[in-house]
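Data block below; observations after.
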Amino acid sequence: MATISVVDEDVSLDAPTLIEGFPGVGLVGKIATDHLIDTYGMTHYANVYGERIPPVAVYHESDTSLSTPIRLYADTERDLLALRSDVPVTPTAADELAGCLEEWFDDHGAFPVYLAGLGRERNEEPPEL
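According to the working numbering, the stretch in the sequence shown is residues 200 to 328, in order.
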């Protein structure tokens with residue numbers, strides 16, 4: 200079962216916008232979310248755990264403490280959350296993780312914006328605008 204554990208109880212948000220940053224086609228979601236986190240100096244707010252999330256520990260050059268591969272970052276000034284994932288989520292873990300995240304978003308009044316997605320087949324025509 201997937202769970203979210205808040206690590207910074209001092210963060211207070213009011214119906215935040217949440218930007219999702221799972222690695223997907225072209226890593227667009229991951230790159231955009233990493234950019235927001237770095238540009239706004241967002242605070243590590245919560246960790247996401249799950250039985251089917253790859254068992255990976257993450258650390259960064261500037262902070263050698265270990266953390267989970269999927270984390271939430273917050274910017275109280277902009278009422279913004281960013282979901283950073285350093286690992287892809289397998290189809291077997293997606294339903295469990297999506298259910299946990301959806302429930303947490305609803306409970307916290309978060310409005311999610313999804314950036315990752317599935318690529319189209321090579322022989323398909325580009326979608327019309």
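Glycine included, every Cβ here is placed at the ideal spot set by N, Cα and C.
Whole-Å CB distance - TYR248 paired with VAL205, under 8 Å assumed: Position 49 of the sequence shown, counting from 1, holds the residue named residue 248. Position 6 of the sequence shown, counting from 1, holds the residue named residue 205. With a Cβ gap of about 12 Å, TYR248 and VAL205 do not count as contacting.
Boundaries of the alpha helix (DSSP H) in which LEU203 is found, first to last residue: The residue labelled residue 203 in the question sits at position 4 within the sequence shown. First, the amino acid is wrong: residue 203 is Ile here, not Leu. No alpha helix (DSSP H) contains ILE203, which is instead part of the beta strand (DSSP E) from 202-205.
Unbroken beta strand (DSSP E) run spanning PHE310, endpoints: Mapped onto the sequence shown, residue 310 falls at position 111. 310-313 is the extent of the beta strand (DSSP E) around PHE310.
Between the CA atoms of ARG251 and MET241 - distance to the nearest angstrom: Position 42 of the sequence shown, counting from 1, holds the residue named residue 241. Position 52 of the sequence shown, counting from 1, holds the residue named residue 251. Between MET241 and ARG251, the C-alpha separation is close to 27 Å.
Alpha-carbon to alpha-carbon, ARG270 and THR238: On the sequence shown, position 39 is the one that residue 238 refers to. On the sequence shown, position 71 is the one that residue 270 refers to. Roughly 17 Å separates the two Cα atoms.
Where LEU212 sits in the DSSP three-state scheme: Numbered from 1 along the sequence shown, position 13 holds the residue referred to as residue 212. LEU212: coil per DSSP, three-state reduction.
Endpoints, the beta strand (DSSP E) within which VAL247 is located: Within the sequence shown, the letter at position 48 stands for residue 247. Per DSSP, VAL247 belongs to the beta strand (DSSP E) from 242-248.
Close-in-space but distant-in-sequence residues of the same chain around SER266 (CB under 8 Å, 5 per side omitted): Residue numbering aside, residue 266 sits at position 67 when the sequence shown is read from its first letter. Here the set comprises HIS243, ASN246, ALA256, VAL257, TYR258.
Member of ASP207, LEU282, PRO287 whose CA lies at the smallest distance from the CA of HIS234: Taking the first residue of the sequence shown as position 1, residue 234 is located at position 35. Ranking the options by Cα distance to HIS234, first place goes to LEU282.
Straight-line gap, ALA332 to GLU302 (C-alpha atoms, nearest Å): Nothing can be reported for residue 332: it is not among the residues displayed for the chain, which extend from 200 to 328.
Whole-Å CB distance - VAL312 paired with THR216, under 8 Å assumed: Your numbering for residue 312 matches position 113 in the sequence shown. Your numbering for residue 216 matches position 17 in the sequence shown. Indeed they touch by this definition, with Cβ atoms about 6 Å apart.
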